[in-house]
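In this text, residue positions in the sequence shown follow numbering that gives the first Met the number 0: the first is 0, and each later residue adds one.
Heads up, the beta-carbon is just placed ideally off N, CA and C, and yes, glycines get one too.
The structure appears right after this line, and notes come after that.
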Amino acid sequence: MSLVSGRISKFFLFGILLLFISNCFDYEETLTINSDFSGTLEVSYVVPTRRNSDESLIKFLPTQKDEILGRLNKGFFSKNVGVKDYTFQKIVTPETDPSLFREKAKVYYKIEFQDLSQIEDAMLGKVQVRKKGNTIYVKREIPTISRAPETLKKDGEKKIYSETLRLLRTSSILFKVNFPIASVCRSNRGDVNLGRLSYRLPLAETIEKTGNNSWDYRITVIY
């Protein structure tokens, strides 16, 4: 693993852990692909925020519309991707709540696209999209921690690792893909049904396994 990818993995894992220990983890993506490979992406999540602020503590899950737009259209060439139906809800729990972070935000937005490659940066993890004829290929990699349990030397590190793993086994990330019924879908993960692919990624896999969780699927539209 390169130094850059290692940093990304650790950054991603830190974000996931922060979400979990704040007792507010909730992330869901719904991707709808039309027969011409245009479509929509719906994203919803709950994140902890800074005290007395609407700013997200998780950099890759922003709360403000302009931050989301900046993430979508980053780079030299703007992709002119817009955000629709954006909603923001501040959640403040009572002082008696045992959660580490009392201030949270619930965010929802929808993105319309003409080509799925336009929104690669909007989806969680590293996403690569390729089209060939009437088939679209999607490759997604969700970073995992790079250190194996046997590399943890201190008792404190081992204890934290063990406890974190125990807690993470109860949480997951949900991905849903809707596509035309007159299509053939192949996926190495998740469940494929008529016009729908769903994949629930257990968060424990982001720490139990080394390397990346690779999710590959392809959709062939039958005209």
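| said: In whole angstroms, give me the CA-to-CA distance for lysine 138 and glutamate 111. | reply: 20 Å
| field | Endpoints, the beta strand (DSSP E) within which glycine 69 is located | value | Not the beta strand (DSSP E): glycine 69 falls in the alpha helix (DSSP H), residues 64-71.
| task | Give a yes or no on contact between the stretch 64-74 and the stretch 127-135, applying the rule of three or more CB pairs nearer than 8 Å. | result | no
| request: Within its chain, find whatever has a CB closer than 6 Å to the CB of tyrosine 222; leave out the 5 residues flanking it on each side and keep chain order. | output: none
| said: If I follow the unbroken beta strand (DSSP E) through serine 171, where does it start and stop? | reply: 171-177
| isoleucine 118 in three-state terms, based on DSSP | helix
| message | In this structure, how does DSSP classify aspartate 35 when only helix, strand and coil are distinguished? | response | coil
| query | Bridge partners of isoleucine 110, per DSSP? | reply | Leu40 and Val82
| Range of the contiguous beta strand (DSSP E) that encloses isoleucine 141 | 134-142
| said: Closest to aspartate 84 by C-alpha separation, out of Ser43, Met122 and Thr48, would be which residue? | reply: Ser43
| Residues near glutamate 41 in its chain [Cβ-Cβ closer than 6 Å; skip 5 each side] | Thr29 and Lys109
| query | Using the beta-carbon count (16 or more within 10 Å), is glutamine 127 buried or exposed? | reply | exposed
| task | Identify whether asparagine 212 lies in helix, strand or coil by the three-state DSSP scheme. | result | strand
| Per DSSP, what kind of secondary structure is isoleucine 218 in: helix, strand or coil? | strand
| said: Rounding to the nearest angstrom, what Cα-Cα distance links leucine 56 and leucine 115 in this structure? | reply: 28 Å
| message | On the criterion of 16 or more Cβ atoms from any shown chain inside 10 Å, does threonine 86 qualify as buried, or is it exposed? | response | exposed
| said: With a threshold of 6 Å on Cβ separation, who are the neighbours of arginine 129 within its own chain once the five nearest residues in sequence on each side are excluded? | reply: Tyr136
| In terms of DSSP beta bridges, what is glutamate 102 paired with? | Val91
| Between the Cα of leucine 68 and the Cα atoms of Val82, Phe59, Lys58 and Leu60, which residue gives the shortest distance? | Val82
| task | Pull up the DSSP beta-bridge partners for serine 197, would you. | result | Lys175 and Asp190
| query | Can you tell which of Pro142, Asp190, Pro201 and Pro47 has the C-alpha that lies nearest to the C-alpha of arginine 171? | reply | The sequence shown places serine at residue 171, not arginine. Of the candidates Pro142, Asp190, Pro201 and Pro47, the one whose C-alpha sits nearest the C-alpha of serine 171 is Pro201.
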